[in-house]
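Colleague: Line by line, the protein sequences are chains A and B.
Sequential numbering of the first sequence, starting at 0, is according to numbering that gives the first Met the number 0.
Sequential numbering of the second sequence, starting at 0, is according to numbering that gives the first Met the number 0.
Number of protein chains: 2
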Amino acid sequence: MEDSLSLKLAALADPTRRAIVARLARGEASVSELQKPFGISQPAISKHLKVLERAGLIEQGRVGQSRPRRLRVDALRATGAWFDQVADLWRDSFDRLDALLMETENDDVEHR
Amino acid sequence: MEDSLSLKLAALADPTRRAIVARLARGEASVSELQKPFGISQPAISKHLKVLERAGLIEQGRVGQSRPRRLRVDALRATGAWFDQVADLWRDSFDRLDALLMETENDDVEHR
DNA sequence: TAGATATATAACTTCTTAGTTATATGAAAG
DNA sequence: CTTTCATATAACTAAGAAGTTATATATCTA
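1) Does any C-beta atom of chain B lie closer than 8 Å to the C-beta of ARG76(A)?
2) Taking CB distances under 8 Å as the criterion, tell me whether ALA43(A) reaches chain B.
3) Let me know if ALA80(B) comes out buried or exposed under the rule of 16 or more other beta-carbons within 10 Å of its beta-carbon.
4) Taking all protein chains shown into account, decide if ASP97(A) is buried (16 or more other Cβ within 10 angstroms of its Cβ) or exposed.
5) Could you tell me which chain B residues have their CB closer than 9 Å to the CB of PRO36(A), listed as they occur along the chain?
6) Taking its Cβ as the centre, do 16 or more other Cβ atoms sit within 10 Å of ARG95(B), making it buried, or is it exposed?
7) Got a sec: which bits of the stretch 9-38 of chain A sit with their beta carbon under 8 Å from any beta carbon on chain B, in order along the chain?
8) Given a limit of 8 Å on CB to CB distance, which residues of the stretch 44-65 of chain B reach chain A?
9) Going along the chain, which residues of the stretch 85-103 of chain B sit with their C-beta nearer than 7 Å to a C-beta in chain A?
10) Measuring straight from C-alpha to C-alpha, what distance separates GLN34(A) and GLY55(B)?
11) Kindly indicate the opening and closing residues of the alpha helix (DSSP H) around ILE19(B).
12) Would ARG76(A) and PHE37(B) be called neighbours here (beta carbons separated by less than 8 Å)?
13) Count the other CB atoms within 10 Å of the CB of VAL62(B); is the residue buried (16 or more) or exposed (fewer)?
14) Quick one: what does DSSP say GLN84(A) is sitting in, helix, strand or coil?
15) Quick one: list the residues of chain A neighbouring SER40(B), beta-carbon separation under 9 Å, in chain order.
16) Run through DSSP, which three-state label would ALA28(B) get?
17) Going along the chain, which residues of its own chain have a beta-carbon closer than 8 Å to the beta-carbon of LEU4(A), five neighbours each way excluded?
18) List the endpoints of the continuous alpha helix (DSSP H) containing ILE44(B).
19) Kindly say whether SER3(B), judged by its beta-carbon, lies nearer than 8 Å to any beta-carbon of chain A.
20) At the level of alpha carbons, what is the spacing between ASP26(B) and ARG16(B)?
21) Excluding the five sequence neighbours on either side, which residues of its own chain have a C-beta within less than 8 Å of the C-beta of LEU48(A), listed in chain order?
22) Going straight from the alpha carbon of ARG66(B) to that of ALA28(B), what length do you get?
Below is the structure:
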């Protein structure tokens with residue numbers, strides 16, 4: 000699994016990481032701030048952050064000894080766009096099927 | 000990882016499964032039809048389908064010895080909604096920050 | 001009923017992941 | 001400069017995922 004979309008979706012398939020992303024949607028935060036809500040070790044959080052960063056969903060700043068993370072909303076939106084695309088594809092197919100049925104119906108009428 | 004959203008995102012983190020979903024967006028298809036585009040074994044496809052079904056993203060029909068799969072678009076849309084929610088959260092925070100800055104600016108003006 | 005076709009299941013291998021503890025690095029503050 | 005605080009990295013373990021081949025099950029067809 001190498002492609003960018005797979006990386007992002009895999010990153011967001013974990014509830015801890017989704018919670019981190021949701022937290023960062025409210026503004027940037029340090030590693031220790033991000034750790035607080037969860038009952039897991041600091042290295043575990045750092046690992047989660049690395050996964051999110053590798054996926055391009057967050058980025059780091061640096062303020063003294065703190066490395067605040069911030070959300071890359073553009074990347075998040077781009078990921079969500081996949082769902083809309085597929086849903087649109089579905090709607091198009093549905094519309095085409097619908098149109099086809101309509102047409103048949105009209106034929107019936109004209110031949111009546 | 001037990002929750003429904005995690006299951007769906009994990010299912011879609013795989014490019015083969017996303018391709019299957021995209022194919023099903025165009026209409027239902029049998030296992031053998033779904034297998035064709037990929038260079039992997041039939042059991043591997045059946046496994047992917049099981050993952051998608053367990054996530055609630057597809058469902059089975061039965062026509063003779065064939066078990067056509069179809070997309071559950073509602074479930075797909077619900078999954079995509081998560082991205083919008085977080086993006087909205089971000090926008091709200093942004094707006095609040097913006098309003099705060101505006102307010103400060105006005106104060107400055109009034110005190111000038 | 002026998003053989004072919006569509007799909008599922010089992011057993012196994014290899015790789016990845018999420019977590020752990022222990023330790024390193026590097027800036028801040030006394 | 002030594003201690004403390006924030007974070008990163010390493011080494012390890014346990015569990016899960018994706019693929020394989022071999023085999024089972026069920027329906028259709030001759």
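Backbone N, C-alpha and C fix where the C-beta goes; we use that ideal spot for every residue, glycine too.
Modeller: Answer, in terms of the structure:
1) Yes, ARG76(A) counts as interfacial toward chain B.
2) Contact of ALA43(A) with chain B is not assigned, every C-beta pair being separated by 8 Å or more.
3) It counts as exposed.
4) ASP97(A) is exposed by the Cβ-count criterion.
5) In chain order: nothing, as chain B lies at least about 16 Å away.
6) Exposed.
7) Residues are counted here when their Cβ sits less than 8 Å from a Cβ of chain B; for the stretch 9-38 of chain A these are ALA9, LEU11, ALA12, ASP13, PRO14, ARG17, VAL20, ALA21, ALA24, ARG25 and GLY26, given in chain order.
8) Within the stretch 44-65 of chain B, no residue places its CB atom closer than 8 Å to a CB of chain A.
9) Legend: CB atoms of the stretch 85-103 of chain B lying less than 7 Å from CB atoms of chain A belong to residues VAL85, ALA86, LEU88, TRP89 and SER92.
10) Cα to Cα, GLN34(A) sits roughly 31 Å from GLY55(B).
11) Looking at the DSSP string, the run of the alpha helix (DSSP H) that includes ILE19(B) is 14-23.
12) No, these two residues do not count as a Cβ contact at 8 Å.
13) By the 16-neighbour rule on beta-carbons within 10 angstroms, VAL62(B) is exposed.
14) DSSP places GLN84(A) within a helical segment (H, G or I) once states are collapsed to three.
15) Those within 9 Å of SER40(B) in chain A number zero; the least Cβ separation is about 19 Å.
16) Strand at ALA28(B).
17) Excluding positions up to five away in sequence, the list reads THR78 and TRP81.
18) Membership of ILE44(B) in the alpha helix (DSSP H) is indicated by the continuous run 41-53.
19) SER3(B) does not count as touching chain A.
20) Reading the sequence as shown, one finds Gly at residue 26(B) and not Asp. Whole-angstrom Cα-Cα distance: 15 Å.
21) Its chain contains ILE19, VAL30, LEU33, ILE57 and ARG68 as the residues whose beta carbon lies nearer than 8 Å to that of LEU48(A), once the 5 sequence neighbours on both sides are disregarded; these appear in chain order.
22) A straight-line Cα-Cα distance of about 8 Å links ARG66(B) and ALA28(B).
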